[in-house]
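Visitor: Going by the working numbering, the sequence shown opens with residue 2, and the numbers climb by one from there.
By construction, the Cβ of each residue, glycine as well, lies at the ideal position given by its N, Cα and C atoms.
Questions regarding the structure given below will be posed in turn.
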Amino acid sequence: MWYVYFLQLANADIYVGSTNDLHRRVESHQRGQVISTKAHLPVELKSYVAVKTEGIARKLEKYFKSGSGKAVANKRLW
């Protein structure tokens, strides 16, 4: 199982990522071990989507980072 996840950063931005181990990845963000988010701690897991394959997860991650994907996520996922 793969996950596309959404973190709310301390500066109110939303970070989108994908992983096959959601618990481990969120913990690594919270510990400041991820360069992209360590300057904006604490982080909070807002939502996630589970999919079957890495390929689907990567495509969804790319989509949710786009303008229309951000709009859909803001309306539908929280």
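Nearest to V44 by alpha carbon, out of R32, A51, E55 and K53?
Guide: Residue R32 is the option with its Cα nearest to V44.
Visitor: If we require 3 or more residues per run, which beta strand (DSSP E) segments fall completely within the stretch 23 to 75?
Guide: Taking only runs of at least 3 residues, the beta strand (DSSP E) segments lying wholly in the stretch 23 to 75 are 45 to 52.
Visitor: Measure the alpha-carbon distance for I36 versus V52 and round it to whole angstroms.
Guide: About 25 Å.
Visitor: What whole-angstrom Cβ distance do R8 and K47 have, given they're in contact under 8 Å?
Guide: The question names Arg, but residue 8 in the sequence shown is Leu. Correct: roughly 7 Å between the Cβ atoms.
Visitor: Tell me W3's beta-bridge partners as DSSP assigns them.
Guide: Bridge partners of W3: V52.
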